[in-house]
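Chemist: There's a structure below that I have some questions on.
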DNA sequence: CGTCTATGTAAACAGTTGCTGACTTACGCA
DNA sequence: TGCGTAAGTCAGCAACTGTTTACATAGACG
């Protein structure tokens, strides 16, 4: 007997489904705790297809990071102000796309994947620093960049503390409740 | 042939050695990536002794968290000021005891261990909030506690970003270089 | 319709992991 | 000195994990 909703064979769709399931698992449970069988089951797909489409578990992880990199690379539609950056950061922390944040903290031990991760973090930090006037060769640029990286640290830390849950009031705080203190933090560090 | 430095049999010493090795490994590599054989080798001890002294890998992890809890519970010798808290936080982030910070972000999936971890985080947050006048039943206490948890998030995030390395200038920043921005952060959020 | 290939499946393999049970050995004590 | 027990060793089991290999089949195309 076939399942009533047997998907037609579609390599692209299968690949996408695997990527989606992997991002969730890797973000939530980390690289080591996630098994390829978990991912395949979530995607409703046979395990062997991971090797076929991504070479290896490491390759799949790398693809996850790359996809995060793409999404984060989208250019801004509006001029970034402190308020907008704060709002955007808080959305990353609280939104369903907090997967992206968590993935940036995960490591597989693979050198290539870790290189990608570092590059994304660097870009993220530079983008954040730029609202305070940072440019690739501004004098005293390291001071601003350091502060931007501290802001990033806070965002990543908040995301992780929220994800493991149970630390109130942070874990249940809404977007609205977080914007105010985060904005205060940005004002202090990036002005 | 015996090794030239055969330690005399000493259960307490062996237990301590295992705990020390486990804290380093769990903090640096996470729970899942660490094998009991790794820990035993680091401690220069037979694997089976982990089961004997800590019941299981989970038991050992739990003991690691508990030991962190003990160390963090030591009462202050001086009245906590913003400056002292900043200095203390930065030392936790940069010092060799950054193990403690990282462990608070690690999870084994075990319910008991996770309960311990949560309790430590909560105590840490309350201690931080108290320098801003927070008490268990102060009016508007949640607002202060939330801000303290954001500070904690920043410290934890910084520790983790530094540990995976490669995000400059944060990764190579000295204690001195970090105190200034962290103090600024505290002033804004906890005053 | 027949065939050929991309897509998907199932089973198994080799390595790893946490844990255990039977064994040996050092050390305190009578 | 001899002995009992705590401390430590050793080999192996059973389950799990990433990956591969051989096989099945849907669907496009002549």
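Residue numbers (this note's numbering), protein chains in the order written: chain A, 3 to 193; chain B, 3 to 193. Beta carbons are placed, not taken as given, at the ideal position from N, Cα and C, and that holds for glycine. These figures come from a predicted structure and were not determined experimentally.
1. Mind checking residue 82 of chain B: buried by the 16 CB within 10 Å criterion, or exposed?
2. If we count Cβ pairs, one from each stretch, closer than 8 Å, do we get three or more for the segment 63-74 of chain A versus the segment 102-119 of chain A?
3. Going by other Cβ atoms of all chains shown within 10 Å of its Cβ, with 16 needed for buried, is residue 32 of chain A buried or exposed?
4. Helix, strand or coil: how does DSSP classify residue 208 of chain B here?
5. Just checking my contact of residue 181 of chain A with residue 92 of chain A at CB under 8 Å: how many whole Å lie between their CB atoms?
6. Pull up the distance between the alpha-carbon of residue 184 of chain A and that of residue 165 of chain B, whole angstroms please.
7. Does the beta carbon of residue 40 of chain B sit closer than 8 Å to a beta carbon anywhere in chain A?
8. So, is the C-beta of residue 100 of chain B closer than 8 Å to a C-beta in chain A?
9. Taking the beta carbon of residue 13 of chain A as the centre, do at least 16 other beta carbons fall within 10 Å, making it buried, or is it exposed?
10. For the segment 43-52 of chain A against the segment 16-24 of chain A, do three or more pairs of beta-carbon atoms, one drawn from each stretch, fall closer than 8 Å, so that the two count as touching?
11. Spell out whether any CB of chain B is found under 8 Å from the CB atom of residue 159 of chain A.
12. Please report how far the alpha carbon of residue 141 of chain B lies from the alpha carbon of residue 147 of chain B, in whole angstroms.
13. What are the residues in the segment 29-58 of chain B lying within 7 Å of chain A by C-beta distance?
14. Could you give the first and the last residue of the continuous alpha helix (DSSP H) run that contains residue 42 of chain B?
15. When burial is assigned at 16 or more other CB atoms within 10 Å of the CB, is residue 39 of chain A buried or exposed?
16. Which runs of the alpha helix (DSSP H) at least 4 residues long sit entirely within the segment 55-126 of chain A? Give them in chain order.
17. Is there a C-beta anywhere in chain A that falls below 8 Å from the one on residue 175 of chain B?
18. Residue 146 of chain B by DSSP, collapsed to three states: which one?
19. How many Å lie between residue 106 of chain A and residue 59 of chain A at the Cα?
20. Mind checking if residue 125 of chain A is an interface residue toward chain B, Cβ cutoff 8 Å exclusive?
21. What's the gap between the Cα of residue 131 of chain A and the Cα of residue 124 of chain A?
22. Taking C-beta pairs closer than 9 Å, name the residues in chain A that residue 190 of chain B reaches, listed in chain order.
Modeler: According to the data block:
1. exposed
2. yes
3. buried
4. Residue 208 of chain B lies beyond the range of chain B shown here (3 to 193); nothing can be said about it.
5. 5 Å
6. 24 Å
7. no
8. no
9. exposed
10. yes
11. yes
12. 11 Å
13. 32, 34, 35
14. 38-45
15. exposed
16. 59-74, 84-96, 100-105
17. yes
18. helix
19. 17 Å
20. no
21. 10 Å
22. 183, 186, 187, 189, 190, 191
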